[in-house]
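Chains A and B supply the protein sequences, listed in that same order.
Residue numbers for the first sequence follow my numbering, beginning at 5 and rising by one.
Residue numbers for the second sequence follow my numbering, beginning at 413 and rising by one.
Reading through the structure tokens given below for one structure.
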Amino acid sequence: MTPAEFETVVEARGVHKHFGHNHVLKGVDLAVRKGEVVVIIGPSGGGKSTFLRTINYLDRPDSGEIRINGAAMGAPQPGSGRATLSDAGLSRQRRQVGMVFQQFNLFSHMTALENVMCGPVQVLRTARAEALADAKRLLARVGLANKEGSYPAQLSGGQQQRVAIARALAMHPAVMLFDEPTSALDPEMVAEVLQVMLDLSVQGMTMVVVTHEIQFARKAADRILFMEEGRIIEEGRPQDMVDSPRHERTKRFLHLVQDEK
Amino acid sequence: MWDWTAFLHYLHSTYLMTGALMSLGLSVGAMLIGLVFGVVAAMMRMSDRWWLRLPASGYVWLFRGTPVLVQLIIIYTGLPQLGIQLGVVASALIGLGVNEGAYLAEIIRSGISAVPKGQFEAARAIGMTWPKTMRVIVMPQAMRIIIPPLGNAFNGLMKTSSLASVISLEELLRRTELLVQVQFKVLEIFIVAALYYLVLTTLWGFIQQWLEAYASRSIAGEDSMRRTRLPPAVEAESVVLPS
């Protein structure tokens with residue numbers, strides 16, 4: 005393996021996914037380098053979220069391959085005699101991939117602090133004191149040091165999403181996936197979440213972001229992908245994609261999204 | 413003629429009190445057996461493998477579809493014919509427990525189904541295995557929904573346990589009947605027995621209230637237990653409830 009290949013954190017090759025008769029992903033390829041921020045845009049139902057969910061195998065691809073730091077997701081251990089990887093094995097692979105959901109999905113029976121500590125303590129078996137210190141540091145990093153004892157129901161949407169980001173970061177993942185992280189938020193809370201994400205990108209986190217926030221994409225992305233009907237139609241540098249897209253469908257989509265604002 | 417002296421005498425009869433304790437012990441034991449059967453059956457019924465779902469559904473169907481009294485008599489009086497000889501206590505525990513499990517399975521299943529799918533996904537996404545997801549994330553939240561009907565089931569079980577008198581287990585009702593046969597104060601003795609049952613279910617009612625409050629402590633609202641856990645400043649700030 006050459007050093008250049010090793011730097012690739014996420015690699016997707018020929019990913020297909022069906023839901024019943026619905027062919028949602030029609031051969032998606034993507035390589036994300038270490039520290040790179042890739043933003044995926046495109047119309048709803050185009051397969052963006054599904055593709056993101058195949059990266060950590062929340063949705064298992066029907067065919068194709070996902071590699072995280074070179075290791076194929078869901079591949080059985082050599083010599084195990086199994087056709088697929090065990091639940092425990094897949095769970096171990098997922099630790100490397102952080103995910104932030106549109107609906108936050110904070111554990112509703114745990115405080116903000118407990119949410120952030122949960123992964124390290126339960127999954128990584130980190131010592132409690134260490135996990136606690138790390139969780140406090142992460143909550144401070146997303147600007148919520150004063151909300152440690154609050155339950156999700158006591159937090160605003162924007163605050164919940166920032167806790168969710170801290171929860172994913174607590175696992176020290178190799179890559180963070182964001183699935184429309186601001187779509188469920190009231191407009192006045194979008195900025196605070198985007199700011200946290202922008203900070204992360206500046207600090208060198210490898211990120212794959214599905215979003216409709218074109219201005220965020222323009223600012224934070226190294227690369228923008230336009231996805232429609234289960235395929236990546238066009239990709240390029242943010243300025244080129246936003247200001248002078250080549251593809252007719254990309255143009256139309258950007259028009260629509262930006263007119264809304 | 414109502415005999416107050418006799419009534420007050422039986423009210424603190426150790427013979428009846430021991431019977432009441434037997435009823436309580438039988439109910440607790442049967443509930444624990446029921447919980448084990450209920451949890452396993454609920455998990456099996458939610459599996460995507462038919463060979464796990466089918467036996468669990470059959471179990472629930474069979475035990476909810478026949479009277480528990482008939483089940484008790486079959487276990488204690490019928491099974492010896494097949495060479496399976498169970499003692500009276502074992503028969504009662506197994507009969508009431510396995511029967512209860514069929515009802516609890518449905519309660520537990522509906523509780524787990526009520527936990528939003530996103531909670532499973534978030535747990536899986538941070539690398540929890542399926543058993544850990546269930547234990548750490550799903551069950552604690554399902555408990556909130558499960559505990560009220562579970563408490564009602566236990567309340568019911570304490571009364572249903574009186575059916576064990578039919579297979580001659582000396583719990584409260586059986587002892588009441590035995591006492592009546594020699595002392596003839598029918599009304600007084602049965603009223604005492606009824607009061608004992610009432611004491612048991614009432615005490616349980618208080619425990620259940622406490623359990624429900626405990627399981628819901630993370631829900632924002634007027635829950636008194638939460639108040640003691642959080643400084644007032646936290647509550648004063650804007651609280652947005654999820655829709």
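Think of the CB as a built atom: it goes at the ideal place given N, C-alpha and C, for glycine as much as any other residue.
Is residue i close to chain A, meaning its C-beta is less than 8 Å from at least one C-beta of that chain?
i, result
"M540(B)", "yes"
"A632(B)", "In this predicted model, A632(B) has a pLDDT of only 46, less than 50, meaning its place in the structure is not dependable; the value taken from the coordinates is given anyway. Closer than 8 Å to some Cβ of chain A, the Cβ of A632(B) qualifies, so yes."
"M637(B)", "Here M637(B) scores only 42 on pLDDT, less than 50, and its place in the model should not be relied on; the value that follows carries that caveat. M637(B) does not count as touching chain A."
"K544(B)", "yes"
"A380(B)", "Residue 380(B) lies beyond the residue range present for chain B, which begins at 413 and ends at 655; the question has no answer from this structure."
"G530(B)", "yes"
"A537(B)", "yes"
I need the straight-line Cα distance from residue i to residue j, nearest angstrom please.
i, j, result
"T588(B)", "T572(B)", "15 Å"
"Q207(A)", "S67(A)", "34 Å"
"E70(A)", "A16(A)", "Looking at the sequence itself, residue 70(A) is Ile, so the reference to Glu does not match. Cα to Cα, I70(A) sits roughly 5 Å from A16(A)."
"I470(B)", "W462(B)", "Per the sequence shown, residue 470(B) should be read as Gly rather than Ile. Between G470(B) and W462(B), the C-alpha separation is close to 12 Å."
"A645(B)", "D63(A)", "Here the model assigns A645(B) a pLDDT of 39, short of 50, so the residue's position is not dependable and the matter cannot be decided."
"A221(A)", "V43(A)", "6 Å"
"E634(B)", "R166(A)", "Note on E634(B): pLDDT 36, under 50, position unreliable in the model; no value is reported."
"E232(A)", "A178(A)", "27 Å"
"T541(B)", "P467(B)", "25 Å"
"S205(A)", "A224(A)", "7 Å"
"E512(B)", "V500(B)", "18 Å"
"V578(B)", "I520(B)", "30 Å"
"S574(B)", "G437(B)", "12 Å"
With a threshold of 8 Å between beta carbons, is residue i in contact with chain B?
i, result
"V179(A)", "no"
"H113(A)", "yes"
"F55(A)", "no"
"G24(A)", "no"
"M175(A)", "yes"
"G123(A)", "yes"
"Q165(A)", "no"
"Q107(A)", "yes"
"N171(A)", "Checking the sequence, you will find Arg at residue 171(A) rather than Asn. Closer than 8 Å to some Cβ of chain B, the Cβ of R171(A) qualifies, so yes."
Between which two residues does the alpha helix (DSSP H) holding residue i run?
i, result
"I538(B)", "Careful: I538(B) lies outside any alpha helix (DSSP H) and carries neither H nor E."
"G470(B)", "462-476"
"I445(B)", "426-457"
"V101(A)", "It is not in any alpha helix (DSSP H) - V101(A) instead sits in the beta strand (DSSP E) that spans 101-104."
"D244(A)", "242-247"
"K52(A)", "52-59"
"L581(B)", "From DSSP, L581(B) is part of no alpha helix (DSSP H); its letter is neither H nor E."
"F182(A)", "No alpha helix (DSSP H) holds F182(A); the beta strand (DSSP E) holding it covers 179-183."
"D63(A)", "It is not in any alpha helix (DSSP H) - D63(A) carries neither H nor E in the DSSP assignment."
"I559(B)", "551-572"
How many whole angstroms separate the CB atoms of residue i and residue j, which I take to be in contact at a CB cut-off of 8 Å?
i, j, result
"A576(B)", "L484(B)", "7 Å"
"G234(A)", "G51(A)", "4 Å"
"V36(A)", "T12(A)", "7 Å"
"A183(A)", "F105(A)", "Looking at the sequence provided, one finds Asp at residue 183(A) rather than Ala. At roughly 5 Å, the Cβ-Cβ gap stays under 8 Å, so D183(A) and F105(A) are in contact."
"A514(B)", "R476(B)", "5 Å"
Quick one: give me the first and last residue of the beta strand (DSSP E) that residue i is part of.
i, result
"M231(A)", "227-232"
"F2(A)", "The structure shown does not extend to residue 2(A), since chain A is modelled only from 5 through 265, so no value can be given for it."
"S67(A)", "67-72"
"V127(A)", "Premise fails: V127(A) is in no beta strand (DSSP E) and is neither H nor E."
Compare the C-beta of residue i with all C-beta atoms of chain D and state if any pair is closer than 8 Å.
i, result
"I520(B)", "In the structure shown, chain D does not exist; the protein chains are A and B."
* With 7 Å as the C-beta to C-beta threshold (strictly closer), list the residues of the stretch 81-103 of chain A near chain B in chain order. => When CB distances to chain B are screened at a threshold of 7 Å, the residues of the stretch 81-103 of chain A falling below it are D91, A92, S95, R96, R98, R99, M103, in chain order.
Practice prompt. Could you run through the stretch 551-565 of chain B and flag, in chain order, every residue whose CB is less than 7 Å away from some CB of chain A?
Written response: Those residues of the stretch 551-565 of chain B that come within reach of chain A (Cβ to Cβ, closer than 7 Å) are P552, Q553.
To be precise: take each residue of the stretch 463-485 of chain B, compare its Cβ to all Cβ atoms of chain A, and keep it if any distance is under 9 Å. Which residues remain? Answer in chain order: no residues at all.
Please name the residues in the stretch 58-74 of chain A whose beta-carbon is closer than 8 Å to at least one beta-carbon of chain B, in chain order.
So the close ones are N60, L62.
**Contacting positions in the stretch 126-148 of chain A - beta carbon closer than 7 Å to chain B** = So the close ones are Q126, V127.
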